[in-house]
Structures are given as C-alpha cells and as structure tokens.
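For reference, the structure is listed below as structure tokens.
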Amino acid sequence: MNYDVVIVGAGLAGLQCAKLLARRDAKVLLVDRKSDLTAGVHTTGIFVRKTLEDFDFPAGTLGRAVRDVSLYSPRLKRIDLASDKDEFRVGKMGTLYRSMLDESVDSGVEFMSGTRYVSATGAQASRLRNINVKLEKEGKALEVHTKVLIGADGARSRVARDLGLDENSEWIVGYEEVFQSKGVEEPRLHCFLDAKLAPGYLAWIADDGEEIHIGVGGYPADFNPREALRSFKDKTRCLIDLTNSELTESRGGRIPVGGVLRRIACERGLLIGDAAGAVSPLTAGGLDPALRLSKFAAEVVSRRLATNDPRVLSSYSGELFRARFVSRLWMRRIIKSFSNQALLEASFAILRTRVGSSFAKHVFFGRGSFPDVEELGVVAAFRPEG
Ligand SMILES: Cc1cc2nc3c(=O)[nH]c(=O)nc-3n(C[C@H](O)[C@H](O)[C@H](O)COP(=O)(O)OP(=O)(O)OC[C@H]3O[C@@H](n4cnc5c(N)ncnc54)[C@H](O)[C@@H]3O)c2cc1C
C-alpha cells in the first residue's frame, strides 16, 4: 500500500500521466470511482489536428477525418469553411479509455476501479512524510500511502481542495446525444450560434459517417440543457433528420472555462486536466490540454522522485501557461456578453465578410493547442539544480 504516486481519476489526463510515470519506473496507483471506464463518458471527444499529429492513438480509437465545418447564425444563415487537411476526428472514447488503461497496466500501473477518493491527510504538510490517502471500494474504507498525490479528478476536484490548491469557479455545461449515423460521404462539423439554446457557447452536430453527436453548451444559469437540446433537435430537423436513427448514449458535464488555475502544485502533489482548469476558454476543448499538461506533469513528478526533493513540484505552476490564454479569456468574456439573438445575428454578418471568415478559419483550423513546456522555454525552471 506504499506508492510513489497515487493518481485520482482515470480520464484522459489521469491515464496519460499514469502510463508515462510507470514507463519511468514509478510505482503508480490509479483509482477511479467508475467500475467501467467505458460507461458514463461525458465528452464529445473531438480531437484537433495538432493533437492528432503530436500524439499516438491506439488503433481503432478514432472516427473518420473531418475537413468541413459549417457555421450557422440564430436564423440558420450558413457559412461553409473547408480545409485541405484532416482537421478533426471524433474519438471513440470508451475504446480509447480502455486501450489507454491496457497500455498503463502493461507499463506497470496498478489500477483500482470502482474506488472513490475520500480524502488525504498530511497533504498540506511540506516535509517528506508520505501522504495518507483514504479511499472507498464497495463500501469498505482503504488507506494507501504515497509520496505524490495527483488530482486528475475532473472539473470539481476534491484533490485540489485537499492539497490546498486553486479550484475551478467558472463553467459552462455541455449536454449531447449520440446516434448511429446513416453514413455520409463527407464528415462535417456543424456549429450553431444561438443565445437561447447555447448561451455563451455553441450548439453542435458532428456527423463523421459513423456517429452523430448533437449537443448544446452554455452557461448553466442561463439555460436548461435538456430542454435546449430538445428545441435544438426540432430547429435543425431540416438539416439532420434523426427520426430513424438509433440513440446510443447521452453525455454531459461541466467544462471549466476560467483558464488554467494559478496554483496547481504544492510540495505534496499537483493537478492535471480539468482539475487544473486546463481547457481552452474560447473553444472549451480540454482533450489536447489533458494530454500535454499530463506529459509535463509526468516529467516533473519523475524528477521529484529521482531527486527526492519535494520543492521540484512547486515549480509546476499555472502561471507558466496563463499568459498564453489572455486573448482567449478576453474572447470568452466577449462571447459571454452576446446575450441576445439580434446581436449574434449581426455579428454573424461580420463573419461572412472576408476578414470575418479568415478569423473563423483561424479559430477552427488554426494549429493552436495547449503550449508545450519546450515551446515555452521553461524546462530548466523545474530542475532543482537551477
Ligand atoms: C459535453 C462535453 C463535451 C466536450 N467535448 C469536447 C471535445 O469535443 N473536445 C475537447 O477537446 N474537449 C471536450 N470537452 C472537454 C473534455 O472532455 C475535458 O476537458 C476532458 O475530458 C478532461 O479530462 P480529465 O481527464 O481531466 O477529466 P475527466 O474526463 O472528467 O476524468 C475525471 C475522472 O475522475 C474520476 N473521479 C472524479 N472524482 C473522483 C473521486 N472522488 N474518486 C475517484 N475518481 C474520481 C471520474 O470518474 C473521471 O473518470 C467536452 C466536455 C463536455 C462536458
């Protein structure tokens, strides 16, 4: 029951970090309250080009490539954006989680499913003493000991609170249904601006010829996601008729959009993925940040284990990344303020101009991603020797 690292949460962030740490010979325990990682998936799972280029995905875990995007105004005026590159792929998330778990276990990770993280004691002490982590499995209390505790437990992280780190406070919520596609020649992502059905964000239909994801996202105080999705399906019936399509899943959850949190590490542990607020405030994409930040976290933690110097963790700071998100945070504020349909319709007219459409192309097809630490030039910052 003694580990180098305990990771709470086996979403994309936790799985990636666990695998990388085990490959560096750390003794890792990964726990998740779910008894089956393929159940209760909450994300649409759209991966962008840069992620697809920079990371390996196990075979059979991605849908067909999407090159075409249509953007709609509240009155369903439409702009088509086409790319000559494969811009997006929708992940088959259940299969992806299972494959990543297999890779982690093959690399030496010990995994406990159906195991809830309850609390940690000694988590805020700054000496070298191990942290006692309280877990619960099938109603039974368990205690394990670890040098480092990692919170990969999503947007409302209990680990963040127990480590005394920053917690997310601004969210949008997303809710979608997944249907079997009747097959399309060209996969397409349809995005809809609508201040009532998707206040402060977007509604979407992604049809890659295998699955159709139809969903709405917005600020929770301003709409009821289930009712909004019902109205959205009615509104878009002329575009996508789902009458004879089989509903396979409903998905939903919170998406933190306040930007990377400032304090995401202390000498006892750190946060990754949604728990660290690592989501683009503009697009609400969190899959690329989950992979990249977890890679950085694994490097820092393995250095902490190699040096036995807990101060190494403190240099894993959200401040390294926040500067890169200033413009996206401003754009989020602007989008949030578009609270009526007339204003959105007028802004859409600007997107139909040449400048507007090249801006839209930049947002949808730009090679933006969460910054790599190498790119930020901060690798030396977490070397204890300086
Ligand atoms: C509806 C919706 C659609 C989205 N679509 C996209 C998209 O298309 N593209 C994109 O880039 N991003 C998208 N996002 C955002 C993206 O899904 C997340 O940013 C990403 O999945 C975060 O991964 P994570 O591993 O940090 O957290 P999660 O996937 O939330 O994983 C957290 C894990 O922790 C476990 N856990 C939580 N608490 C405990 C506990 N106390 N004990 C044990 N286990 C615990 C949970 O069971 C879960 O498995 C979407 C989000 C939503 C809600």
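The sequence shown finishes on residue 386 if you use my numbering, and the numbering steps up by one all the way, no holes.
C-beta: ideal position from N, C-alpha, C; glycine also.
Handout entry: Simplified DSSP state of residue 219, which is helix, strand or coil
Key = Translated into positions along the sequence shown, residue 219 becomes position 219. Reduced to three states, the DSSP call for residue 219 is coil.
Handout entry: Strand pairing of residue 117, partner residues [DSSP]
Key = Reading the sequence shown from its first residue, position 117 is the one you call residue 117. Looking at the DSSP assignment, residue 117 forms a beta bridge with 135.
Exercise for the section: Indicate whether the contact test is met: 3 or more Cβ pairs, each with one atom in the stretch 16–23 and one in the stretch 291–301, closer than 8 angstroms. Expected result: yes
Exercise for the section: Answer yes or no: do residue 286 and residue 255 have a C-beta to C-beta separation smaller than 8 angstroms? Expected result: The residue given as residue 286 occupies position 286 in the sequence shown. The residue given as residue 255 occupies position 255 in the sequence shown. In contact: residue 286 and residue 255 (Cβ atoms closer than 8 angstroms).
Exercise for the section: Give the DSSP-derived three-state secondary structure of residue 381 in the structure shown. Expected result: Numbered from its first residue, the sequence shown carries residue 381 at position 381. In this prediction, residue 381 scores a pLDDT of 49, lower than 50, which makes its location untrustworthy; no coordinate-derived value is stated.
Handout entry: Cβ shell of residue 250 (< 6 angstroms), same chain only, five flanking positions each side left out
Key = For the purposes of this step, residue 250 is taken as the residue at position 250 of the sequence shown. Hits under 6 angstroms: 177.
Handout entry: 6 angstroms Cβ shell around residue 205 - same chain, five flanking residues per side excluded
Key = For the purposes of this step, residue 205 is identified with residue 205 of the sequence shown, where counting begins at 1. 190, 214, 240, listed in sequence order.
Practice task
Could you tell me whether the stretch 134–149 touches the stretch 83–98, using the rule of 3 or more Cβ pairs below 8 angstroms?
Solution key: no
Exercise for the section: Inspect the CB distances between the stretch 258–268 and the stretch 231–239 and report whether three or more fall short of 8 angstroms. Expected result: In short, these stretches do not touch, since the Cβ pair count stays below three.
Problem - Exposure label - residue 87; buried when at least 16 CB within 10 Å - result: For this step, residue 87 is matched to residue 87 along the sequence shown. Counting Cβ neighbours within 10 Å, residue 87 comes out buried, since at least 16 surround it.
Handout entry: Distance, residue 192 Cα to residue 347 Cα
Key = The residue you call residue 347 lines up with position 347 of the sequence shown. The residue you call residue 192 lines up with position 192 of the sequence shown. Roughly 13 angstroms separates the two Cα atoms.
Problem - As assigned by DSSP and simplified to three states, the class of residue 321 - result: For the purposes of this step, residue 321 is taken as residue 321 along the sequence shown, with counting starting at 1. Residue 321: helix per DSSP, three-state reduction.
Problem - Alpha carbon of residue 200 to alpha carbon of residue 29, nearest angstrom - result: Counting from one through the sequence shown, the residue named residue 200 turns up at place 200. Counting from one through the sequence shown, the residue named residue 29 turns up at place 29. Between the alpha carbons of residue 200 and residue 29 lies a gap of roughly 38 angstroms.
Practice task
With a 10 Å radius around its C-beta and 16 neighbouring C-beta atoms as the bar for buried, classify residue 220 as buried or exposed.
Solution key: Within the sequence shown, the letter at position 220 stands for residue 220. Result: exposed.
Practice task
Work out the CA separation of residue 120 and residue 132 for me, nearest whole Å.
Solution key: The residue you call residue 132 lines up with position 132 of the sequence shown. The residue you call residue 120 lines up with position 120 of the sequence shown. Rounded to whole angstroms, residue 132 to residue 120 spans 6 angstroms at the Cα level.
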